[in-house]
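Notes follow once the structure below has been shown.
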Amino acid sequence: MEKIVSCILVIGALCYYAYKSRTSRISPPPGPKGHWLFGNALEIAGAGTFWVKLGEYADIHGPLISVRMLHQYAYVLSDPHTVTELFEKRSVNYSDRDENEMSKLIGFDQDIVMLQYGPKFKQCRTMLNRALNNRAAQDYIPLQEHEVKKLMKRLMEQPEGFLDHVRLLSASIAARVAYGYTIPSFDDPFVQTAEKWGDAFSDFIRPWSYSVNIIPPLRHLPDWLHVPFQRRVVEIRKVLYDLREKPFHYVLEQMATGTAEESFVSKLLQGEDGGSIDEQTKEDVKRIAASFYSAGADTTISAVQSFFLAMTLYPQTQAKAQAELAAYLNSDSRRVILPKDREHLPYTSAIVKEVLRWHPIVPVVQHRSSKDDDENVVCGDKVYRIPAKSTIMVNVWKIMQNPDVYPDPEMFVPERFLVDNPPPGPEEYVFGFGRRICPGIHIAQQSMWMSISNILSNFTISKAKDGNGMDIVPQEKYTNLFVSHPEPFVCSVALRDGRKNWIEEVNLKH
């Protein structure tokens, strides 16, 4: 009997969405023709990288397109002027989050990443800004310097493990900032939990990744059916519990014994006046810290791994940066390069910018849900209407690939940012927009700069050799996830002359 009811529920939902897709009177912006029932969902979900598929649609239909998943339209922007107009100047109407059924089932819908814009969201953002604003970020530079020194040592001792070393660096910085916790190795449970959560989040956050995201009534299916999304919910709930609870309780234990290192959590648990906080605020701190820890680690990983790939493929760029660094440091080469050095190193700074442009960390910024109908969306020479409660996506990758703004966009060319009238920097897009801009942007930029500049100063990256002594040319392939990373690849990471003793010495001091 239960199986019959479940089948009726699924069929009824499909019929309902088919009816809605045929009877909707809303005229969306142009877009690709899709299946009469599923729309474009199957084509997008089946693409190797969904942002490239959305970019192909834009090439045909224009910089503001509509794609349909069953009855739901998503509006995809690849025009920077329209992006600025909507998410900066009209942010009051474009600061909500889209509904995501998987996040509800997992218990993640009340975390700041998924919160709708309102009093709760503002309260959580205030907490984040208090601990992560530009001024506060300066306090974390010594911590980041310490972790970069350890990265240098790991690269020197085991260069072939560079991908994992980058992951450990990012997780270590995020864990110390969030919890005051020092990660001893890549096998640490906190690291493994963050890795699992990062993969899970990047997967379920996509609106078409699971059937229940496309057909919300499927959430009522009985658990004994063991539908794939139900099994995945059980797995992710366990990961989310570990991500939230274990690091948080570590801080509580350290504070109780008076041994806690100052951190995001320890600061917020003391309250603004140094007093105690209520249980609800404590729960908010727990959730916010977990989101910051996981997101902070994942974004830096993507950027620094992309840097390794770029230097492998573009050795002449690396040589120019190393020459600039050598000239600037001169006899002072036995030190860590810090954010204060950035203004003196324009070419190295341009490399960091180009890393973010070449392959954006988050290729599609999504789930922007408008609260009211907007009948005056100007894109180019046309005006469109975007209905209330629409899913809005920004194809950051497509914006960064515009040949009119970034000539030869598929090439890694830092020089593009060193001309008299440079194009917009990618940081204007890759860290989000308006009221939902990434609150950890300052710490992330410090980590990226310190990692990339110090690797360039101390190591030379080149193509690895196969058994016959031939170059192994890595492919420019990226994961099809919300936060995208290069697919695993190999390269040679060689210590530069005169660096060994210095790296050993600075690590002995800690």
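Note that numbering that gives the first Met the number 0 numbers the sequence shown so that position 14 is 13, with each residue one more than the last.
Every residue, glycine too, gets a C-beta built ideally from N, C-alpha and C.
Cβ neighbours of V492 within its own chain (closer than 7 angstroms, five residues either side excluded): L154, P158, F161, F458 and I460. Annotation: P215 to T256 spans about 47 angstroms, alpha carbon to alpha carbon. In this structure, I235 and F203 form a Cβ contact; the two beta carbons are roughly 7 angstroms apart against a cut-off of 8 angstroms. Within the same chain, and ignoring the five residues on either side of L417 in sequence, the residues whose Cβ sits closer than 8 angstroms to its Cβ are P345, Y346 and A349. With a contact defined as Cβ atoms closer than 8 angstroms, V176 and S262 qualify at about 7 angstroms.
Setting aside the 5 residues that flank it on each side, Y209 is surrounded in the same chain by M101 and F228, each with a C-beta closer than 6 angstroms to its C-beta; the list follows chain order. In its chain, beyond the 5 residues on either side, I105, G106, F107 and W196 have a beta carbon closer than 7 angstroms to the beta carbon of L239. For I471, the secondary structure class from DSSP, reduced to helix, strand or coil, is strand.
Burial state of R96 is buried, judged by a 10 Å Cβ sphere holding 16 or more other Cβ atoms. Looking from the CA of R67, the closest CA among E55, Q445 and P28 belongs to P28. DSSP places S491 inside the beta strand (DSSP E), whose first and last residues are S491 to L494. Between the C-alpha atoms of K149 and M113 there is a straight-line separation of about 34 angstroms. With respect to the C-alpha of V303, the residue from R166, E144 and S90 having the closest C-alpha is R166.
Unbroken alpha helix (DSSP H) stretches of 4 residues or longer found wholly inside the segment 196–238: 210–213, given in chain order.
When the Cα atoms are used, D297 and A289 turn out to be separated by approximately 12 angstroms. Boundaries around I300 are those of the alpha helix (DSSP H), E278 to L312, since no beta strand (DSSP E) includes it. If you check the CB distance, W207 and A318 do not come in under 8 angstroms. Exposed is the label assigned to V91, since fewer than 16 other Cβ atoms lie within 10 Å of its Cβ. Its chain contains P27, P28, P29, G30, Y72, A73, Y74 and V75 as the residues whose beta carbon lies nearer than 8 angstroms to that of S65, once the 5 sequence neighbours on both sides are disregarded; these appear in chain order. Distances from the CA of E144 to each of I436, L131 and I172 were compared; the closest alpha carbon is that of I172.
Excluding its 5 nearest sequence neighbours in each direction, Y249 has C-beta neighbours in its own chain below 8 angstroms: Y178 and Y180, listed in chain order. Burial state of A199 is buried, judged by a 10 Å Cβ sphere holding 16 or more other Cβ atoms. The DSSP-derived three-state label of N453 is helix. If you draw a straight line from the Cα of G61 to the Cα of G295, it is about 34 angstroms long. Distance from the Cα of L36 is smallest, within the candidate group I59, G54 and L69, for L69. I471 and A463 do touch by the CB rule: their CB atoms are close to 5 angstroms apart, below 8 angstroms. When Q137, F291, P485 and M469 are compared, the shortest CA-CA separation from C123 is found for F291. Where V176 is concerned, the enclosing alpha helix (DSSP H) starts and stops at F161 to Y178. The count of Cβ pairs closer than 8 angstroms, one atom from the segment 124–135 and one from the segment 410–429, stays below three, leaving the stretches out of contact.
For S461, the pairing in a beta bridge is given by DSSP as S491. In this structure I385 is not in contact with S301, their Cβ atoms being roughly 30 angstroms apart against a cut-off of 8 angstroms. Between S452 and I336, the gap from beta carbon to beta carbon is short of 8 angstroms. Excluding five sequence positions before and after E194, none of the CB atoms of its chain fall closer than 6 angstroms to its own CB. In the pairwise beta carbon analysis, the segment 393–404 is classified as touching the segment 43–62: at least three pairs are separated by under 8 angstroms.
A residue is called buried once 16 or more other Cβ atoms fall within 10 Å of its Cβ, and Q474, having fewer, is exposed.
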